[in-house]
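*Asks:* In my numbering, the protein residues as written are 36 to 539. By construction, the Cβ of each residue, glycine as well, lies at the ideal position given by its N, Cα and C atoms.
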């Protein structure tokens, strides 16, 4: 990286901190900090939802998959997310808004006290926060790998640089800062991504290379599903994405909670889905073409960094690198805000034995927990290799363990599962976690090796389906539910205002 690249990157970081300082003026209370006061425009919520859905891991782990496996990554990842949002459009976004409007919640888990009970809420809160530490740690690690590939910056300083800037604006401005930085990051990434696409097309001989490169790549690179990434894996990951992007991931639920009306929440979800359909095609083309330009690359995780350094002038390198960091900073700041909301609204009151916090105390504690969560995840990023690296942490650990947490959160919103009560919710979480633990034991490795083509699908799918099966079966065998739970479901599934007690 030349001096001009560092100047561009430095200017980007300064811009993010400036946005955080400006957003601080909009934060007057805990509701502003965690849900933007329920006044976020649908287009901003949709862009923020999209930007919060992926990180620099795309340009490290997924770039490696694009280099070695071709177009399959688009189908099981981006296409799957878009499809899951379209499927969930009529089911979930409006319910999150009604939850804020009618129950006055500002945390994605607050409603679980009424829907199930307090122990269920606490189990999902604690386990989800722990899982998010691993997930965010993987994102910091991916950013540091990119900075090392570009400029030789050691892993420790890469994590400190990107994490430090994110900590600053997240603590200052809450969800408003997250969303506004998401918007600026989206614009920067748009310019950077198109610049990278144009540079790649010029290097390959023009626009005709869009369809000609597939004749120069290995035949399986143009197949939607092959190798470890089979149709079974794609179908499994679709269900993971269905749970995650419709609100099972707390940070994405917050985008719906922040929308002004159910109609605006649906429009924001639709916008995010369309972005997932179109934008990754532009973003991934240079990665798909990289085996032609660099056929003997030893480390595929550095393919996008090598592309950028080779094809772009120094100033644009800084812009592209800023665009790469944009994704990580968008996702990690969103996750930190969501986890902080859960801790402040759902966990701390229980630890205080029911003694409530004033609004001022909630705002202060929200900032402290946001800072603490990001700091812990940055420390964990330094040990990502112990958990299977970036791909292992993002695809396998997070994908496999998200389901057991998200199943009772998302399905608990739907009337067909009204008979599944606290025992079903807790049982599904435990069953999914146990299934994942058994799969990670060394005694199961020979069996996974015998099914190598489906190993990833098995690792992600079995915990998810164990959780789903347990949730449904306990609901059938031992149905339970209180009047408060029935009232809650009625008001969330109705366009008409119905009486339901607010959550203290």
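#1: Could you check what DSSP says for residue 264 in three-state terms: helix, strand or coil?
#2: Would you kindly work out how many angstroms separate the C-alpha atoms of residue 297 and residue 281, rounded to a whole number?
#3: Give the DSSP bridge partners of residue 231, in chain order.
#4: Please give me, in chain order, every unbroken run of the alpha helix (DSSP H) with length at least 4 that falls completely inside the stretch 332-390.
#5: If you run the structure through DSSP and keep just helix, strand and coil, what is residue 294?
#6: Pull up the distance between the alpha-carbon of residue 416 and that of residue 81, whole angstroms please.
#7: Which value, in whole angstroms, describes the spacing of the CA atoms of residue 315 and residue 516?
#8: For residue 272 and residue 495, what's the separation of their Cα atoms in angstroms?
#9: Under 6 Å Cβ to Cβ from residue 171, same chain only, skipping five residues before and after it: list those, please.
#10: Compute the distance between the beta-carbons of residue 248 and residue 323, then report whether it is under 9 Å.
#11: Can you tell me where the alpha helix (DSSP H) holding residue 81 begins and where it ends?
#12: Given this structure, state the Cα-to-Cα distance separating residue 528 from residue 246, to the nearest angstrom.
#13: Report yes if the C-beta distance between residue 95 and residue 177 is below 9 Å; otherwise report no.
#14: Report yes if the CB atom of residue 50 is closer than 9 Å to the CB atom of residue 230, and no otherwise.
#15: Taking its Cβ as the centre, do 16 or more other Cβ atoms sit within 10 Å of residue 518, making it buried, or is it exposed?
#16: List the whole-angstrom C-beta distance separating residue 70 from residue 292, where the pair is believed to meet the contact cut-off of C-beta under 8 Å.
#17: Hey, is the stretch 371-384 in contact with the stretch 53-69, meaning 3+ C-beta pairs nearer than 8 Å?
#18: Apart from the five residues on each side of it in sequence, which residues of its chain come closer than 7 Å, Cβ to Cβ, to residue 210?
#19: Following the continuous alpha helix (DSSP H) through residue 141, name the residue where it begins and the one where it ends.
#20: Whole angstroms is fine: what's the gap from residue 403's alpha carbon to residue 187's?
#21: Rounded to a whole number of angstroms, what is the C-alpha to C-alpha distance between residue 33 and residue 351?
#22: Residue 505 by DSSP, collapsed to three states: which one?
#23: Within the chosen definition, does the stretch 137-156 reach the stretch 338-353 through at least 3 CB pairs nearer than 8 Å?
#24: Using C-beta distances below 7 Å, list every residue in its chain close to residue 548, excluding the 5 sequence neighbours before and after it, in chain order.
#25: Could you please give the first and the last residue of the uninterrupted alpha helix (DSSP H) stretch that includes residue 147?
#26: What do you reckon, are the CB atoms on residue 440 and residue 401 nearer than 9 Å?
#27: Please classify residue 281: does DSSP put it in a helix, a strand, or coil?
*Replies:* In short:
#1: Secondary structure at residue 264: strand, using DSSP grouped into helix, strand and coil.
#2: Cα to Cα, the separation comes out at about 14 Å.
#3: Bridge pairing for residue 231: absent [DSSP].
#4: List check, alpha helix (DSSP H) in window: 338-346, 349-377, 383-386.
#5: The answer is strand: DSSP assigns residue 294 an E or B state.
#6: Their backbone Cα atoms lie some 28 Å apart in a straight line.
#7: In a straight line, the C-alpha of residue 315 is about 43 Å away from that of residue 516.
#8: Rounded to the nearest angstrom, the gap between the Cα atoms of residue 272 and residue 495 is 7 Å.
#9: Closer than 6 Å at Cβ, skipping near neighbours: 367, 370, 412.
#10: It is a contact, given that the beta carbons lie within the stated cut-off.
#11: Annotation for residue 81: the continuous alpha helix (DSSP H) segment containing it runs 77-86.
#12: So the alpha carbons of these two residues sit roughly 47 Å apart.
#13: Their beta carbons are under 9 Å apart, which means residue 95 touches residue 177 by this criterion.
#14: Taking 9 Å as the cut-off, the beta carbon of residue 50 is found no closer than this to the beta carbon of residue 230.
#15: Classification of residue 518: exposed, given that the 10 Å Cβ count is below 16.
#16: Right, the Cβ-Cβ distance comes to about 5 Å (below 8 Å), so this counts as a contact.
#17: With the cut-off at 8 Å, the stretch 371-384 and the stretch 53-69 touch.
#18: The answer, listed in chain order, is 68, 69, 70, 71, 289, 293, 372.
#19: No alpha helix (DSSP H) contains residue 141, which DSSP labels as neither H nor E.
#20: Residue 187 has its alpha-carbon roughly 32 Å from the corresponding atom of residue 403.
#21: In the structure displayed, the chain extends from 36 to 539; residue 33 sits before or after that span and is not available.
#22: Three-state result, residue 505: helix.
#23: The stretch 137-156 is not in contact with the stretch 338-353.
#24: Since the first and last residues shown for the chain are 36 and 539, residue 548 lies out of range.
#25: Its alpha helix (DSSP H) spans residues 147-150.
#26: The Cβ atoms of residue 440 and residue 401 do not sit closer than 9 Å to each other.
#27: Three-state DSSP puts residue 281 in a helix.
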